[in-house]
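Protein chains: 2
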Amino acid sequence: MDIKKMLVNDHVKPYLLNARYGIEKESNRVDLSGNLAKTDHPKSISLRDEHPYIQRDFSELQMEIITPVSNTLEELFNYLAAIHDVAYRSMGKNEMLWPLSMPPQLPEKEENIVIAKLKNVENVLYRQTLSDTYGRRKQMICGVHFNFEFGDELIRALFNAQSEIKDFHHFKTEIYLKATRNYIHYRWLVTYFYGASPSSEKNFFEEDSLNGPVRSIRNSKYGYTNSAGVEVSYSSIQNYLSDLSLMVKRGLLSKEKEFYSPVRLRGGQQVSDLAVHGINYIELRNIDLNPFETYGVSYEQAEFLHLFLIYLLWKDEGENCDEWVKMGDYYNDVVALEHPLEHTKFKKDAENMIDEMEHLVQILDLPISDTLFIHLREMLMDPSKTLAGRLYKESGKSSQCQVATSIAKENYKKSWDKPYQLTGFTDMELSTQILMFDAIQQGIQVEILDRQDQFLKLKLKDHVEYVKNGNMTSVDNYVSTLIMENKTVTKKILHQHAFRVPKGEEFQTIEQALRSYDFFSTKPFVVKPKTTNYGLGISIFKEGANEEDYHKAITLAFKEDNTILIEEFIKGTEYRFFVINDQVYAVLLRIPANVKGDGKHTIQELVNQKNNDSLRGSDHRTPLERIQLGELEKLMLKGQGYQIDSIPKKDEIIFLRENSNISTGGDSIDVTDQIPDDYKKIAVDAVAALGAKICGIDLIIEDTNVPATNKNAYGIIEANFNPSMYMHIYPYKGKSRRLTMHIIHYLFPELLQS
Amino acid sequence: MDIKKMLVNDHVKPYLLNARYGIEKESNRVDLSGNLAKTDHPKSISLRDEHPYIQRDFSELQMEIITPVSNTLEELFNYLAAIHDVAYRSMGKNEMLWPLSMPPQLPEKEENIVIAKLKNVENVLYRQTLSDTYGRRKQMICGVHFNFEFGDELIRALFNAQSEIKDFHHFKTEIYLKATRNYIHYRWLVTYFYGASPSSEKNFFEEDSLNGPVRSIRNSKYGYTNSAGVEVSYSSIQNYLSDLSLMVKRGLLSKEKEFYSPVRLRGGQQVSDLAVHGINYIELRNIDLNPFETYGVSYEQAEFLHLFLIYLLWKDEGENCDEWVKMGDYYNDVVALEHPLEHTKFKKDAENMIDEMEHLVQILDLPISDTLFIHLREMLMDPSKTLAGRLYKESGKSSQCQVATSIAKENYKKSWDKPYQLTGFTDMELSTQILMFDAIQQGIQVEILDRQDQFLKLKLKDHVEYVKNGNMTSVDNYVSTLIMENKTVTKKILHQHAFRVPKGEEFQTIEQALRSYDFFSTKPFVVKPKTTNYGLGISIFKEGANEEDYHKAITLAFKEDNTILIEEFIKGTEYRFFVINDQVYAVLLRIPANVKGDGKHTIQELVNQKNNDSLRGSDHRTPLERIQLGELEKLMLKGQGYQIDSIPKKDEIIFLRENSNISTGGDSIDVTDQIPDDYKKIAVDAVAALGAKICGIDLIIEDTNVPATNKNAYGIIEANFNPSMYMHIYPYKGKSRRLTMHIIHYLFPELLQS
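Protein chains in written order, with the working numbering: chain A, 1 to 754; chain B, 1001 to 1754.
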């Protein structure tokens, strides 16, 4: 089997970089001083043992972050960042994640390291066994596991480019075995570049057996290794499996999964899957936490590992595979225990390999980022640029512990800076970001089906729900959204159900509209184009109108649309009621863009001050929008006798807009607790009349102290089938209402049952 | 109470013509020769006794058509026409409706007139009583009942314009009582203009007591009247009700509803409602069937009656109301029994009244059609222009029976001319028209919420369903339609459920797309803009493509959209599967616009011939579209070496289009029975995977004889949440599939249970 030839085959070429990735990353939870936390795993994270994204590892303090399997590195790192946001904000403001593989100072007594408080008894017992075998200190070492799968189309193309092996699964297994043997043999290169555990903190070693700093304690014999005598062959999958069970039989391992190889062969969820289907992917386990990356591993590292694996597939291996693999352990231990600032003993070999890799990239025409090889060569030339070197040098200025604590604090700050955003997905709509946050926290698998279209697939065990724009779901029926989309139909149905809606009529011509003057002349009424854009063409007559003004208003409205509406004007304050499944979860008052004078600053300055709030941004990616000072605002100021450099009196409120939309700088004020129940009942009943389940319905109320059953106490203006949620979650004033979580609990009621 | 003054009040004026209307119209069913039919009421009409639109009156042969309450005369007549269409087409092609009030020749033996076979025993017994009291012959007389209600806003405005009566319901009742008394007094005017029962047919009279033709047998003492001694006062609602119950107590009436007044006072469904709420509307019962109108009554008649009632409200009445009412019976009998061609005895009075009415129209500034008064005056001047006069004159040429039979045939033809249309609603989408037809037939109340938007409300007892565009309903969940709207998401979900969909990729730039050349070069593939309009910018490469053609195709597609798709091309024939609630109800093959040669005619002529089919029209208002001969078709002909004046050989098929859309003249061919079940299962399962309930899903199948489970046996192209239904109901070839009826049964399963 000539893999070199197969790799350059024309049919293989298009698929060379096809791959799937997954990251598992452990870190210890610490308090803000860098001491091991004393708390349990956060309660706000759904506490199922099988949480897909955030679990506990050996200890209750070890948080493991698990990305979903991703088709691109971009996707992988988006998820890694997002899950970190959820982890951080779930821990609360008193904790952070320790950025090093080597744990922070440990308790003097080993027993005080708390084993993970899992529900499954067997899992707890297994951890007890590990504790007995290796001691709890070693189990506190953290790292990154990089799961890697060659794309199915790549493996198929390679398979078709040869004829020696007839069985596809057998072929696939052989591919992975070669890559694995070479990876173990050459993994010292990874340790050189990315090893990052030079020193330990207090109480890690009972007696420190090291003579000073090294490249990677974790990857050395002092790290996380099985007892001597555990030897497994990678010559074939049969040998691998029978050796493994032999180890268990001999009592050298308690279970097969206790085998701490730098590469774990994976068939599926269980070791036994390997026997059935062969190898489906491999798990690289020798990656130290990268202290200089917010999420413990860099994009460039992942790109390197991918390329390294292709290179190792290409590169010839030694004749005797078992020997070849064993030599790798020796080389690696040498490099792991070198001083972080000294050149590696195998510098020459490393240089050759980098040259070969770069050559291969050229032959295969792979689109690898330009800087990768520059960085690798820099690190090779200057050990102080390797991760271990950098950490060691930094630590020299203070201590490793202080450096780690201050890095943790930086990461902590980043995660709390814009708590409404979900890093990795900030291009998506805010409500969708918040919903994704809540779903991840609840342990629901989130898949993005169409990113521009805000289309999500949510999965909890076998239960799948699709969600678009945060609240367009399966719980609403189709025609009910079509009803809400059609204002005339909405009004008709509400009217038939005896709710008060503004009375009105549609007109297609000026003449028709003029003929109806008598209907409206003496009442408060509004003239508007059927479809309104930002209030253009609307005239409001709060006390009726004379025929001339009526005519003018009609003409104005017809400039915007060929159908106009003349409607009764309902006086009062407009409230948005957010109804989910027959319950009001939030009521919001929206106030037009405004500033409050202090007797010192100009309107321009007051606007700038108000816009400084990090909740204000633009384009619906922040909970509030910045107040503009454009033509419309200036006109509005002029109407009140102001200019932008006028200085309003103390406590004077200056409005800059007529309309109260949040999108034009309005303030959102939660009034859920202030609105009487009878008005909430009106909202709930009206939404039910429309057949809707998730709905934002707008009521105009003149005086909330008057009973809702009074004649004309309220009027319903419109109902929205995709109402904004973030404005309730991050209101300008008042209590936050976590509507996204209510949506999730409505879609997945089983979450509340368990 | 000065009603004259109230009517000219400024606050009353805007509402003067506000009113609600309803028509009940009876006709006898006859065979195509004009003999009384021997069949039962049509089975296809839902046989509930309380069918809202089509019922039986006294006899099984008397079909009663009932419109819903309508706010305008336009709406009223639309419904009247539509329900007639349903009645006609439900009777089948061997029957028609007799257009005269007087029945066709009756059986010699009265017992052979069949009493309506109702389910409710009480209703049958009541008819037996009528048969005993009046004889069955008289019960066979038919007519029109015109239900009239003054608009609520009008009554309120009038109420506010006076101060004598303090109670609103009392006031309303007084208004109706005045109109009623005057109507009975002056109803001879209606009999003069619109009386239309001059002669009877064989076996109506046991002994003909008439001396020749009259204006209206039906409205005379020989018509449909209670026995002598039945006298009821209209002086107040209390007197009216107590007189009525006295008549029942004395045995002169079997039930209160047996009181055959020319005006029936209505409170609600039951007579007893009157005591509670007073009068809500009145039912004018003295209208003969208008033989010259397809639906038995004209718009102008209805307009006259409305205006007449306003006039009667305005006009002073006599001092003694009971006397006043009684005089009306006398006058009316005189006019009813006048010869149809003679002037009426009360011509002078009639002229005065018409002058007064016209004057009133001027005073009140009512928008009445110009021709009404011209026609009324013509009829007054020339009795042969009244309905009775016209019918009598026509009958002189042959016989009344022959005239009636030929009129019935005309109406019959109209109703069968375009059996896919629903008269009155032909501006609506065809599928909606057919759905409305089926709903009316099934006895479901149909209300149009938005005509342009094809938005219906369907109601069966307390069960309400909203339907837009014929199949957008409450049974589909919202997100499932959003999935189908997004082609990428649809494909992803189907792929995740292991259905075959064309593999492909989206590209935003030419460079990106070029980079993927290797992926596609050797396979069949399609390049297309993400959103396609009539196939613009699409290139199909059935055998792969060289790099130059690939580049050209990409550039072409990017001219139409800024996102393009390159997709695997799946070979085979495209079929549309129509799935409702996990069952395939129709499979359609669509063939591009084509003609079949006969060796004689040119392509142009063949197209004209094919377009002559009444099923072909334009703009989706007929089941098929006319074939065009535009630029695209000419280009397509040119490609085959033809021009529009070429003469194709016998049986040669000439295609005029590439695409198979019905909207560009394609043929629809039903193949439901030819498609094997395993492909139907694929369609059903795929629709279920999308969570949809009503869906048209397009499968490409290379060979339906190959099992669907074979690799690549099929590919799914797209799923539609608002699939066209009419093309399955009226296919060009093959069996009709009444999908609208399946939708109705799906929405209202209770219809199938009863």
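Cβ coordinates follow ideal geometry from the N, Cα and C atoms, glycine included.
- Using a Cβ distance threshold of 9 Å, Val687/A and Val579/A count as a contacting pair.
- Residue range 573-580 is occupied by the beta strand (DSSP E) that includes Val579/A, with no alpha helix (DSSP H) assigned at that position.
- The way I'd put it, the stretch 473-492 of chain A doesn't touch the stretch 664-671 of chain A; fewer than three beta-carbon pairs between them come closer than 8 Å.
- Between Met1725/B and Ala1408/B, the CB-CB gap reaches or exceeds 9 Å.
- The Cβ-Cβ distance between Leu1366/B and Gly1151/B does not fall below 9 Å.
- Of Asp1651/B, Gly1278/B, Lys1013/B, Asp1333/B, the smallest CA-CA separation from Asp1598/B is found for Asp1651/B.
- Cβ atoms of Glu1429/B and His1620/B come within 8 Å of each other, at about 6 Å.
- If you check each beta-carbon in the stretch 5-19 of chain A against every beta-carbon of chain B, the ones closer than 7 Å belong to Lys13, Pro14.
- Secondary structure of Lys492/A (DSSP, three-state): helix.
- Within the same chain, Ile1165 come within 7 Å of Glu1174/B by CB-CB distance, once the 5 residues on both sides are set aside.
- Under DSSP, Met96/A takes part in a beta bridge, and its partners are Val30/A.
- Taking a Cβ-Cβ cut-off of 7 Å, the neighbours of Tyr1466/B in chain A comprise Val479, Ile483, given in sequence order.
- Within the DSSP secondary-structure output, Phe1148/B pairs in a beta bridge with Tyr1021/B, Ile1282/B.
- Here Pro1524/B has Lys1542, Phe1569 as same chain residues with Cβ atoms under 6 Å from its own Cβ, once five neighbours each way along the sequence are excluded.
- Within the same chain, and ignoring the five residues on either side of Ala275/A in sequence, the residues whose Cβ sits closer than 8 Å to its Cβ are Ile237, Leu241, Gly267.
- Contact check for Val489/A against Asp1085/B fails: the beta carbons are separated by 9 Å or more.
- Ranking Gly143/A, Glu201/A, Gln301/A by CA distance to the CA of Glu74/A puts Gln301/A first.
- DSSP places Ala1586/B in the strand class (E or B) of the three-state scheme.
- For Tyr1714/B, the uninterrupted beta strand (DSSP E) run begins and ends at 1714-1720, by DSSP.
- Distance check between Thr1481/B and each of Phe1077/B, Met1636/B, Ile1694/B places Ile1694/B closest, using alpha-carbon atoms only.
- The distance from the Cβ of Asp1322/B to that of Ser1233/B is about 5 Å, consistent with a contact at the 8 Å cut-off.
- Taking the beta carbon of Gly1691/B as reference, the chain A residues within 7 Å of it are Ser474, listed in sequence order.
- Of all alpha-carbon atoms in Ser101/A, Tyr79/A, Ile444/A, the one lying nearest the alpha-carbon of Asn290/A is that of Ser101/A.
- Per DSSP, Arg390/A lies in no beta strand (DSSP E); the unbroken alpha helix (DSSP H) holding it starts and ends at 387-397.
- Interface criterion not met: the Cβ of Thr1740/B is under 9 Å from no Cβ in chain A.
- About 3 Å separates the beta carbon of Pro529/A from that of Asp561/A, a gap short enough to meet the 8 Å contact definition.
- A residue is called buried once 16 or more other Cβ atoms fall within 10 Å of its Cβ, and Met381/A, having fewer, is exposed.
- Listed along chain B is no residue with a C-beta nearer than 7 Å to that of Asp31/A; the closest approach is about 43 Å.
- For Asp1561/B, there is no enclosing beta strand (DSSP E), as DSSP marks it with neither H nor E.
- Of all residues in the stretch 445-459 of chain A, those with a C-beta nearer than 7 Å to a C-beta of chain B are Leu449, Asp450, Asp453, Phe455, reading in chain order.
- For Ile1065/B, the closest of His1145/B, Ser1227/B, Lys1093/B by C-alpha to C-alpha distance is His1145/B.
- According to the DSSP assignment, Glu64/A belongs to the beta strand (DSSP E) that extends over 62-66.
- Thr1488/B reaches chain A at Leu449, Asp450, Asp453, Phe455, counting residues in chain order whose Cβ is nearer than 9 Å.
- Within its own chain, the residues whose Cβ lies closer than 7 Å to the Cβ of Ala1350/B, once the five positions on either side in sequence are excluded, are Leu1189, Tyr1192, Thr1344, Leu1380, listed in chain order.
- By the Cβ neighbour-count rule, Thr1386/B is buried, with 16 or more other Cβ atoms within 10 Å of its own.
- Taken through DSSP and simplified to helix, strand or coil, Asn1477/B comes out as strand.
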